[in-house]
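Which chain is which? The protein sequence lines are B and W, in order.
Residues in the first sequence are numbered consecutively from 982, following the working numbering.
Residues in the second sequence are numbered consecutively from 982, following the working numbering.
What follows is one structure encoded as structure tokens, with my remarks underneath.
Protein chains: 2
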Amino acid sequence: MSSPICENGGSSKPVKKNAVLVDGVYLNGPIMDSKAGERFVEEAFPIIMEEAIRKATDVNEKVCEWQPPEELKQCLDLDLREGGEAPQQILKRCKDVIKYSVKTGHPRFFNQLYAGMDHYSLVARFITEAINPSVYTFEVSPTFVMIEEVILKKMIECVGWEGGDGIFSPGGSVSNMYAVNLARYKHCPSIKDEGLSGMPRLVMFTSEECHYSIGKAAAFLGIGTKNVYVVPADERGKMIPEELEKQVQRAVKEGAVPFIVCATAGTTVLGAFDPLEKIADICQKHGLWFHVDASWGGGALMSNKHRHLLNGIQRADSVAWNPHKMLMAGIQCCAFLVKDKTGLFEKCHSSQASYLFQQDKFYDVSYDTGDKSIQCSRRADAFKFWLMWKAVGTRGLEDRVNRALALARYLAEEIKKKEGFRLILEPEYANVCFWYIPPSLRNLPDGPEFWKKLHQVAPVIKERMMKKGSMMVGYQPHRDKVNFFRQIIISPQVSREDMDFVLQEIEALGKDL
Amino acid sequence: MSSPICENGGSSKPVKKNAVLVDGVYLNGPIMDSKAGERFVEEAFPIIMEEAIRKATDVNEKVCEWQPPEELKQCLDLDLREGGEAPQQILKRCKDVIKYSVKTGHPRFFNQLYAGMDHYSLVARFITEAINPSVYTFEVSPTFVMIEEVILKKMIECVGWEGGDGIFSPGGSVSNMYAVNLARYKHCPSIKDEGLSGMPRLVMFTSEECHYSIGKAAAFLGIGTKNVYVVPADERGKMIPEELEKQVQRAVKEGAVPFIVCATAGTTVLGAFDPLEKIADICQKHGLWFHVDASWGGGALMSNKHRHLLNGIQRADSVAWNPHKMLMAGIQCCAFLVKDKTGLFEKCHSSQASYLFQQDKFYDVSYDTGDKSIQCSRRADAFKFWLMWKAVGTRGLEDRVNRALALARYLAEEIKKKEGFRLILEPEYANVCFWYIPPSLRNLPDGPEFWKKLHQVAPVIKERMMKKGSMMVGYQPHRDKVNFFRQIIISPQVSREDMDFVLQEIEALGKDL
Chain B
982 MSSPICENGG
992 SSKPVKKNAV
1002 LVDGVYLNGP
1012 IMDSKAGERF
1022 VEEAFPIIME
1032 EAIRKATDVN
1042 EKVCEWQPPE
1052 ELKQCLDLDL
1062 REGGEAPQQI
1072 LKRCKDVIKY
1082 SVKTGHPRFF
1092 NQLYAGMDHY
1102 SLVARFITEA
1112 INPSVYTFEV
1122 SPTFVMIEEV
1132 ILKKMIECVG
1142 WEGGDGIFSP
1152 GGSVSNMYAV
1162 NLARYKHCPS
1172 IKDEGLSGMP
1182 RLVMFTSEEC
1192 HYSIGKAAAF
1202 LGIGTKNVYV
1212 VPADERGKMI
1222 PEELEKQVQR
1232 AVKEGAVPFI
1242 VCATAGTTVL
1252 GAFDPLEKIA
1262 DICQKHGLWF
1272 HVDASWGGGA
1282 LMSNKHRHLL
1292 NGIQRADSVA
1302 WNPHKMLMAG
1312 IQCCAFLVKD
1322 KTGLFEKCHS
1332 SQASYLFQQD
1342 KFYDVSYDTG
1352 DKSIQCSRRA
1362 DAFKFWLMWK
1372 AVGTRGLEDR
1382 VNRALALARY
1392 LAEEIKKKEG
1402 FRLILEPEYA
1412 NVCFWYIPPS
1422 LRNLPDGPEF
1432 WKKLHQVAPV
1442 IKERMMKKGS
1452 MMVGYQPHRD
1462 KVNFFRQIII
1472 SPQVSREDMD
1482 FVLQEIEALG
1492 KDL
Chain W
982 MSSPICENGG
992 SSKPVKKNAV
1002 LVDGVYLNGP
1012 IMDSKAGERF
1022 VEEAFPIIME
1032 EAIRKATDVN
1042 EKVCEWQPPE
1052 ELKQCLDLDL
1062 REGGEAPQQI
1072 LKRCKDVIKY
1082 SVKTGHPRFF
1092 NQLYAGMDHY
1102 SLVARFITEA
1112 INPSVYTFEV
1122 SPTFVMIEEV
1132 ILKKMIECVG
1142 WEGGDGIFSP
1152 GGSVSNMYAV
1162 NLARYKHCPS
1172 IKDEGLSGMP
1182 RLVMFTSEEC
1192 HYSIGKAAAF
1202 LGIGTKNVYV
1212 VPADERGKMI
1222 PEELEKQVQR
1232 AVKEGAVPFI
1242 VCATAGTTVL
1252 GAFDPLEKIA
1262 DICQKHGLWF
1272 HVDASWGGGA
1282 LMSNKHRHLL
1292 NGIQRADSVA
1302 WNPHKMLMAG
1312 IQCCAFLVKD
1322 KTGLFEKCHS
1332 SQASYLFQQD
1342 KFYDVSYDTG
1352 DKSIQCSRRA
1362 DAFKFWLMWK
1372 AVGTRGLEDR
1382 VNRALALARY
1392 LAEEIKKKEG
1402 FRLILEPEYA
1412 NVCFWYIPPS
1422 LRNLPDGPEF
1432 WKKLHQVAPV
1442 IKERMMKKGS
1452 MMVGYQPHRD
1462 KVNFFRQIII
1472 SPQVSREDMD
1482 FVLQEIEALG
1492 KDL
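Quick look at the structure:
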């Protein structure tokens, strides 16, 4: 047999005297030994616990074990073969994959808009994987349908709406697509059936600091990237409302049809919040759908201290908010929320498949929520957030957000004090953007040569930190600024000691440059 | 503190004499006790093992513990509160959620196009959850990027192409959307930037038996549901090529622009395979993109005995194939594959975000595959399939497919022999469609009254089986046929004894109707 867990399967030996043979296959008894499978899971668990949970979050371990692509291929033995491998060999594969994976829950992982490890969420995710649900009908996902409903309702409260609707989607990018599609449907329902050909040109608006998914949405939904009118942002990264007004008027003058403004609450690089109240005024004036991409910044809604950053969000028609980012619910956990209570999701997306959404079921089929979605099978991403919330409480989530933002503030102050570091802008949220200027550049005049050399500093420090495995911090050029570090602070496992470490480590890695 | 795992956090007591206070928050040390979190995971594991794995796949346990929506709300205590709950209380919540969830890995779950439990895949999924990767760059997902590449290459070989490209997507529906978008881009690249407004009307073709996601794709991508020309299928559920030819000619005559044919390999209800060779001929003749939705039927590509069902797929331009269905990789695991080797994904979808896809990285950035996607954060769905394949081998996967189809054949033969059962059509794949006719209807003449009464039988039996928790089998009306059962056979944990049980149980539950 190809696998040690398959014991009496396939086209090999019969298992009983009165065996049933069909198409050359014996059909008596299972061909998979579930007990052996369970033993495998039991043997794997201590490895997961030690390597992927304990060590992966231990500050004394490496955050990554760097190997270049070609070398990594060799380390992992990637090839798939005719025959299977013994469980012990598979356990070794598991160890190898864990070893060479980046530990995104490590206290020194500051590289993306997610980080940390919440053990409650993790347990919920293990359960979800074991239960393997698909959230389309109450029939096959009773618990997860109900949990999704409750947590969406709670998130809608946080936004400040009196009711609304929502769905969990596979990413903020898809949530933004939902927003564009619902706005388009609201603007002109016949587009669902007739399509855009022959329709007037639709135009959407967003700032130059928006997430790249807005452009992808325009391309994918047939609107076209050129019909995304990009509104300038101020030096803090916030959309300038007067410029938005100008762009709307420009579109109207051109004979095009404006239909949606996509504002951002928490931009990817700078962590900036667009002025939502003023944008809401403009949307109201022109009758435009007001979408807020709060995928990253939505976390601040949990904090009484910081939710003012999103003042005006209660006037939005739709909101994208990813609890897998600031709230650590685990990738992916992305809510798309709408203020509408008239069943816009169903009207815009439903196709009433008779094999799935039968109307003669014996329970209230309004709980069969799958037809709201553009997906068919859909993961139970609400559960992990719900269990974490149950365990930590609203107050616990708030404490985490407050703490992360206080740490960002602390880091910014340290940067301002420390020689060789220059803060790009005062953080409002959890993005701290700064340059490290090595001693060799400190006396150069502020001219093209200085900036050219500084541009090359962050990539080299990044390479060194990854090869050492000491930490991971992102960098990028942005608008008129050469490469700078962007440190993201999220996890309640980190503290000021980690902030201090980051600056010391960057200095240690880059002082010779 | 709101949560017992948070020990010294938030705005409460300082932990050190030289504490740093920012915005009213002490910043020394973590505010989360990781050790307590690890203990929680360790305590949860035996519960998951016993309740969500062992019992959930034990044929002597119930497949579901039915509660109506309102009662279920009470059972679960869904409310989210200011304060958190103690770990022991959270463990109870976990048990409750498991208890009331449908056990989709149970040997008597025949309700959807997925079923069973593969323990290797499950362990990979636990690891993925602990590592919490997002597959967009080699930098943060080195292992998973490499594994995705290898498994896509292997799947492309199975399709029969000499090379190609692919990506894992969040569902077959999204894969079908990818197909439509790539086909549209290939047909007219300027649509990405210009949009569809002012363009000639684009038309897509699919059969009346296609998955409902084709219509959703047309709506979402701005093409319009009316521009999906629906081709009649024969009585086996296969697209009629001559009718496709007629529809293409109709579109051309109308001045519209045909650009894609979406064929289906393994339809949802009947498990039918469209005649791919003949459809390929028509696509070739008219220069149309040929997409095959093999989300369900793709599993047959693993079987030398059954892959003939997909003869002609090697001529497709793109294929959707979900290993989470027949191959039990766990929801979701959905590959979208294209024959093109000229970087169509990047051209069609890229947006070159400078904060993520920096070009001055220290490694080969061709491994930063995220810009191929319409998503930003993306799950490592390839890994679970890869680990399972490693363990079971190509041969083991083939054995499972052969066995499932042999069991379907066996069940069909039993249905033909058994009084009161009527087979709808001979199965080609793992869908067995049949009516159960209770004794009270057996002597009725074949007229409207008979069919009206028969239509009501399956829903009642379904209600009874769910309330009893003995098994789950789907039913639906389909085209001119009243409600019938659709039994799906996948898992290597089931055997002929389970097939026999299904028929006996339906009879026991419905003989009084």
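All C-beta atoms in this analysis are idealised placements derived from N, C-alpha and C, irrespective of residue type, glycine included.
Check the Cβ-Cβ distances between residue i and every residue of chain W, and say whether any is below 8 Å.
i: residue 1153(B); result: yes
i: residue 995(B); result: Low local confidence applies: a pLDDT of 45 at residue 995(B) is under 50, so the model's placement there is unreliable, and no value is given.
i: residue 1104(B); result: yes
i: residue 1092(B); result: yes
i: residue 1465(B); result: no
i: residue 1189(B); result: no
Taking the alpha carbon of residue i as the reference point, which residue from the options has its own alpha carbon closest?
i: residue 1386(W); options: 1409(W), 1369(W), 1405(W); result: 1409(W)
i: residue 1277(W); options: 1266(W), 1258(W), 1262(W), 1310(W); result: 1310(W)
i: residue 1007(W); options: 1364(B), 1039(B), 1390(B); result: 1390(B)
i: residue 1113(B); options: 1327(W), 1399(W), 1131(W), 1306(W); result: 1306(W)
i: residue 1244(W); options: 1123(W), 1458(W), 1269(W); result: 1269(W)
i: residue 1315(W); options: 1321(W), 1322(W), 1304(W), 1232(W); result: 1304(W)
i: residue 1167(B); options: 1487(B), 1363(B), 1272(B); result: 1272(B)
i: residue 1422(B); options: 1433(B), 1413(B), 1318(B), 1374(B); result: 1433(B)
i: residue 1469(W); options: 1324(W), 1252(W), 1477(W); result: 1252(W)
How close, in whole Å, do the beta carbons of residue i and residue j come, if the pair is a contact with beta carbons under 8 Å?
i: residue 1165(W); j: residue 1240(W); result: 6 Å
i: residue 1045(W); j: residue 1084(W); result: 7 Å
i: residue 1482(W); j: residue 1416(W); result: 18 Å between Cβ atoms; not a contact.
i: residue 1249(B); j: residue 1211(B); result: Not really, about 15 Å apart at Cβ, beyond 8 Å.
i: residue 1154(W); j: residue 1357(B); result: 5 Å
Can you give me the start and stop residues for the beta strand (DSSP E) that residue i sits inside?
i: residue 1413(W); result: 1412-1417
i: residue 1501(W); result: What the structure shows of chain W is the stretch from 982 to 1494, and residue 1501(W) is not part of that stretch, so it cannot be assessed.
i: residue 1047(B); result: Here residue 1047(B) belongs to no beta strand (DSSP E), and DSSP marks it neither H nor E.
i: residue 1404(W); result: 1402-1404
i: residue 1315(W); result: 1315-1319
i: residue 1014(W); result: From DSSP, residue 1014(W) is part of no beta strand (DSSP E); its letter is neither H nor E.
Under 8 Å, Cβ to Cβ, is there at least one residue of chain B near residue i?
i: residue 999(W); result: no
i: residue 1131(W); result: yes
i: residue 939(W); result: Residue 939(W) is absent from the model: chain W starts at 982 and stops at 1494.
i: residue 1168(W); result: no
i: residue 1321(W); result: no
i: residue 1210(W); result: no
i: residue 990(W); result: Since pLDDT at residue 990(W) reaches only 42, below the 50 mark, its modelled position is unreliable, and no value is offered.
i: residue 1357(W); result: yes
i: residue 983(W); result: Reliability fails at residue 983(W), whose pLDDT of 37 lies under 50, so the model's placement of it is uncertain and the value that follows must be treated cautiously. It does; some Cβ of chain B falls within 8 Å.
i: residue 1304(W); result: no
i: residue 1383(W); result: yes
i: residue 1429(W); result: no
i: residue 1175(W); result: yes
i: residue 1030(W); result: yes
i: residue 1371(W); result: yes
Who pairs with residue i in a beta bridge, going by DSSP?
i: residue 1187(W); result: 1211(W), 1243(W)
i: residue 1462(W); result: 1459(W)
i: residue 1091(B); result: 1454(B)
i: residue 1287(B); result: Beta-bridge pairing links residue 1287(B) to no other residue.
i: residue 1469(B); result: 1412(B)
i: residue 1003(B); result: 1006(B)
i: residue 1160(B); result: In DSSP, residue 1160(B) forms no bridge with anything.
i: residue 1273(W); result: 1244(W), 1300(W)
Could you pull the start and end residues of the alpha helix (DSSP H) that residue i belongs to?
i: residue 1495(W); result: Lying before the first or after the last residue shown, residue 1495(W) is absent from chain W, which here runs from 982 to 1494.
i: residue 1060(B); result: It is not in any alpha helix (DSSP H) - residue 1060(B) carries neither H nor E in the DSSP assignment.
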